[in-house]
Amino acid sequence: MESSPRSGPLSRYRVLDLAGPPGLHCTKLLADMGADVIKVEAPAGEQSRRIPPFKDDIPHPETSLYHLHFNTNKRSITLDLESADGRAIFLQLAGKADVVIETYSPELSDRLGLNYAQLSAVNPKIVVASITPFGRSGPWRNYQADDLAGIALGNLLYIGGEQGKPPIQPAGELAYGMAGTYAAVAIAVALFHRVTSGRGQQIDASMHECAAHIAGYAIPHYSASGAKPARPKRNGQEADLYDPFAVKDGYVRFFIVAREQWRRLVDWMGRPPSISGPEFEKTTYRRQNPAIVQSAIAEFCRGFTKEEMYEEGQKRRISVTPINTAGEFVECSQTKARELFVEMNHPVVGKYMQFAGVPRLTECPGSMHRSAPLLGEHNQEIYCGELGLSHDDLVALRAAGVI
Amino acid sequence: MSDLPLAAIRVVELTTGAAGPTVGRVLCEFGAEVIRCETRLRGDGHRGEDPKLWNKKPDFMKLQRGKKSFTVNMQTAKGRDLVKRLVQKSDVLIENFGLGILEKWGLDYPQLQEINPACILIRVKGMGCTGPHATDLSYGPNVINNMGATYLWNYPDATTPTAEARTQHPDFMGGVAGAFGVVAALLQRTVTGRGDMIDNAQLEIGASLLGPKYMEYSVNRRDPKPQGNRSLIAAPYGAYPCQGKDRWCAISVYTQAEWESFTGVVQKKSPAKPAAKFATHLGRVRHREELDQWVGQWTVQQDPYDIMESLQSAGVCAAVVQEVEDQFKRDRQYAATGFLVEMTEPEAGNITTENLPIRLSETPGEVRGLAPLMGQHTYEIARDLLGLADDEIKQLEAEQVLY
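So the protein sequences, as listed, match chains A and B. Read in the numbering used here, the first sequence has 135 at position 153, and its numbers run on one by one without any break. Read in the numbering used here, the second sequence has 229 at position 225, and its numbers run on one by one without any break.
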């Protein structure tokens, strides 16, 4: 459902998107920046169409909200790459494309004829990006990994949750997200290189390695001191006042690092004697005396609502923010003022609010121009309009289960 | 170096903290010359307040390796003028100070366009450059609260306001996404010859992975609750206890074939037969607590790496919940791909940081070199790039301009 033309810095590029969930954030970034992203789906539909939540909790190939979010701004064709017809058509498409993105195992992409050597023979300018669990080399290259496995190996899962309970994963697929974001940079870099070299190349993105980049500074710190992060204790011994503090209608959290921020907080609290001594200006001292610090701040916070604490605290240049639910974020003033959610119309789901693209360019911004495509919505447009197949050809391919 | 794809790109960084420097780090790894402007008046967040530790922090090494350090005092008119001259000769300006500071320095977008209309400015901000909270004092750990991620990272039967790991992932994800925005704008510049301004909000980049959660609220009118490791599409799914203290292995079983492989592996090592109610996907999802117990009775007797290897060999997704020490000592994949890069820093000693998690076949990036000592390249840049004579440089150092 196109409502406006594509725009953005990548609008001159065409991307063939063979990705499943590990690569959808990548192709979303490219599509939101204006690239013509064509989802090449198996006739049964790409996996995201089966991932919850669904509108009104009723599963249907077009009503997965996960699919709706990640596939905005893309077009969809169906094609069975396991068939000889499918592969021949795909090579024709690849001849007219700039980028191919796939998330198959290295074995499968080789077998389907979709690796860089095979595609660059058809189109030497093509950039082929493989987003795989472990990259295309190394002893684990043919192992499987979902987002959970990615953050498990990347040290992020170990530190999430409570001590004495199993580690738990964050909401939002951070390993897929980081892999997709890194792959998007690499694709843009490869296209930039192609401007002068005229040649494409292969991009090998490892989710396992990308996941390590989410966890912070654990690796350099361990190499220096042997320090090993653990699941937080949450009993008041957290640094930088990082524990949540209860307010009248929920929780807020601070992040007090700089000395002057601490001074401003103590001033705001009316300089209670228990924490006003100069020794408390040192983070290390505060960490050694959590009971005194936490109880004074906890008592102070109880007099505020989330909104009051946030507004007044920020006015006083103290880094405090409310612990929002997803709904509270959708409704908050910053989100509204920046029009982070824009209304779109989908033929099956109807009107809904779509998360807008990031990052935001000023001169050449991307836009939300199309809600997620119906399965095979653009078969005729692309196969007949662009590859020159006839309607009879389409019927024959449909009968053979190729499209 | 000339082989690297961004070798012709010069980047000036006016940054602190993690998100802004991460944009520069990624550009640097792809070959850009990154000049980090900083001052001896005060070490930035990762150099720290104590001058004796400026060149010793492992987290600083991760963020700054391969860059140049140019010490300049932006409180002085002469200092600001020198940076403007630097920007005149550069392709990208990265900044992530509070809103208003760049304006005060005369380098915000309208002024930048007069100095160098081909320069791309990226402003990395917690909340973005517009809206009622644009001026918030907000770091990565804060914006996680706003977007709903803190609240959602918890057990389904949560007894505390969050079980979140202590992370700042929007800093890293926001930085990498920002680098994507910059390279996309560089691509556009190859056609238009003009720069752009990128409003890069860590809040929005982090939130983009929670899109389906926001739609659960706006489409289904239901504010989503924390889910922990609950899944409807895989069972078993989650972190299972293993032999040893606080050892876990993540396991995900999506299909019936995977379930059969899984039980095959279990029964090779133990006589425990799965209950009849676990025979189907629906049965496993409905009885997931009992299923988790059954799986846990098996896993708790095994080493997590044995579980991972035996299940992966049978085609089942399994991954050790690695601690940072495991990433160094037991992760065979990192060892094989050379992901962990150890370098000897002049003052910090041997420090390991993560390599680029993606490989480009023609123009591979790399960790480009050591982190700069405070002011290490001031003289070289002042002389070679700004064309200052030795006595001018000495004079500016004495005036605490190049400081």
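Note that CB positions come from ideal geometry on N, CA and C, so glycine has one too. For clarity, every value in this text was computed on a predicted model and none was experimentally measured.
Sort out for me which residues DSSP pairs residue i with in a bridge.
{"i": "B:ALA243", "result": "B:ALA254"}
{"i": "A:GLU23", "result": "A:THR60"}
{"i": "B:ASP227", "result": "Paired residues: none, contrary to the question."}
{"i": "B:GLY353", "result": "B:GLU349"}
{"i": "B:GLU358", "result": "B:LEU344"}
{"i": "B:LYS281", "result": "Paired residue(s): none; B:LYS281 is not in a bridge."}
{"i": "B:VAL128", "result": "B:ASN204"}
{"i": "B:CYS411", "result": "Residue numbering for chain B in the displayed model covers 5 to 407; residue 411 of chain B lies beyond these limits and cannot be assessed."}
{"i": "A:TYR334", "result": "A:MET326"}
{"i": "A:SER46", "result": "A:PHE36"}
{"i": "A:GLN184", "result": "A:VAL110"}
{"i": "A:ILE391", "result": "Nothing about residue 391 of chain A can be read from this structure; chain A reaches only from -17 to 385."}
Along the chain, where does the alpha helix (DSSP H) that runs through residue i open and close?
{"i": "A:GLN316", "result": "315 to 319"}
{"i": "A:VAL177", "result": "156 to 179"}
{"i": "A:HIS7", "result": "3 to 14"}
{"i": "A:THR266", "result": "265 to 270"}
{"i": "B:ILE13", "result": "Element bounds for B:ILE13: n/a, residue is neither H nor E."}
{"i": "B:ASP395", "result": "394 to 402"}
{"i": "A:LEU247", "result": "241 to 250"}
Which of helix, strand or coil does DSSP assign to residue i?
{"i": "B:ARG363", "result": "strand"}
{"i": "B:LEU295", "result": "helix"}
{"i": "A:ARG32", "result": "helix"}
{"i": "A:LEU369", "result": "coil"}
{"i": "A:GLU(-16)", "result": "Caution applies to A:GLU(-16), whose pLDDT of 49 falls short of 50 and renders its modelled position unreliable; the value that the coordinates give is listed next. Reduced to three states, the DSSP call for A:GLU(-16) is strand."}
{"i": "B:GLU208", "result": "helix"}
{"i": "A:LYS147", "result": "coil"}
{"i": "A:VAL229", "result": "strand"}
{"i": "A:LEU(-2)", "result": "strand"}
{"i": "B:CYS321", "result": "strand"}
{"i": "A:PHE282", "result": "helix"}
{"i": "A:PRO202", "result": "helix"}
{"i": "A:LEU343", "result": "strand"}
{"i": "A:GLU363", "result": "helix"}
{"i": "B:GLU370", "result": "coil"}
{"i": "A:ILE300", "result": "coil"}
{"i": "A:ARG352", "result": "strand"}
{"i": "A:PHE236", "result": "strand"}
{"i": "A:ILE305", "result": "coil"}
{"i": "A:ASP129", "result": "helix"}
{"i": "A:GLU386", "result": "Only positions -17 to 385 of chain A appear in the structure, and residue 386 of chain A is not among them; the question remains open."}
Cβ closer than 7 Å: which chain B residues qualify as neighbours of residue i?
{"i": "A:LYS210", "result": "GLU327, VAL328 and GLU329"}
{"i": "A:TYR125", "result": "GLN316"}
{"i": "A:CYS192", "result": "PRO361"}
{"i": "A:PRO202", "result": "PRO62, ASP63, MET65, LYS66, ILE355, THR356 and THR357"}
{"i": "A:MET15", "result": "ALA188"}
{"i": "A:ASP38", "result": "ASN224"}
{"i": "A:TRP250", "result": "Chain B residues near A:TRP250: none, gap ~13 Å exceeds 7 Å."}
Which chain A residues sit within Cβ distance under 9 Å of residue i?
{"i": "B:ALA189", "result": "PRO(-9), LEU343, GLU345 and CYS346"}
{"i": "B:ARG363", "result": "GLY117, ARG118, SER119, ALA168, GLN184, ILE185, ASP186, ALA187 and SER188"}
{"i": "B:GLU346", "result": "SER205"}
{"i": "B:PHE332", "result": "ILE201, TYR204 and SER205"}
Give me the chain A residues within the contact set of residue i, using Cβ-Cβ distance strictly less than 7 Å, ordered along the chain.
{"i": "B:LEU214", "result": "ALA153, GLY154 and ALA308"}
{"i": "B:CYS321", "result": "GLN126, ALA127, ASP128 and ALA131"}
{"i": "B:PHE34", "result": "VAL171"}
{"i": "B:TRP252", "result": "PRO148 and PRO149"}
{"i": "B:LYS217", "result": "ALA153 and ALA308"}
From what residue to what residue does the beta strand (DSSP E) around residue i run?
{"i": "B:ASN149", "result": "No beta strand (DSSP E) contains B:ASN149, which is instead part of the alpha helix (DSSP H) from 144 to 151."}
{"i": "B:ASP63", "result": "Not the beta strand (DSSP E): B:ASP63 falls in the alpha helix (DSSP H), residues 62 to 68."}
Going along chain B in order, which residues have a C-beta closer than 8 Å to the C-beta of residue i?
{"i": "A:GLU144", "result": "TYR159, THR164 and ALA167"}
{"i": "A:THR303", "result": "ASP140, SER142, ASN146, VAL147, ASN149 and ASN150"}
In chain B, which residues lie less than 9 Å from residue i when you measure between Cβ atoms?
{"i": "A:ASP80", "result": "What A:ASP80 touches in chain B: nothing, since even the nearest Cβ is about 11 Å away."}
{"i": "A:LEU138", "result": "ALA169, THR171 and HIS173"}
Note down, in chain order, every chain A residue with its Cβ under 8 Å from the Cβ of residue i.
{"i": "B:GLN172", "result": "GLY198"}
{"i": "B:VAL324", "result": "ALA134 and LEU135"}
Taking 8 Å as the CB-CB cut-off, is residue i touching chain E?
{"i": "B:ASP335", "result": "The chain labelled as chain E is not found among the protein chains of the depicted structure, namely A and B."}
Listed in chain order, which residues of the stretch 227 to 246 of chain B have Cβ atoms closer than 9 Å to some Cβ of chain A?
ASP227, PRO228, LYS229, PRO230, GLN231, GLY232, ASN233, SER235, LEU236, ILE237, ALA238, TYR241, GLY242, ALA243, TYR244 and PRO245
Could you please tell me which residues of the stretch 190 to 205 of chain B, in chain order, have their CB closer than 9 Å to any CB of chain A?
LEU190, LEU191, GLN192, ARG193, THR194, VAL195, THR196, ARG198, GLY199, ASP200, MET201, ILE202, ASP203, ASN204 and ALA205
Please identify, using Cβ separations under 8 Å, the residues of the stretch 104 to 133 of chain B that lie next to chain A, in order along the chain.
TYR113, ILE126, MET131 and GLY132
When Cβ atoms are compared, which residues of the stretch 310 to 324 of chain A fall closer than 9 Å to chain B?
GLU310, PHE311, VAL312, GLU313, CYS314, SER315, GLN316, THR317, LYS318, ALA319, ARG320, LEU322 and PHE323
Residues, ordered as in the chain, of the stretch 51 to 62 of chain A that lie near chain B by beta-carbon distance below 8 Å
HIS51 and PHE52
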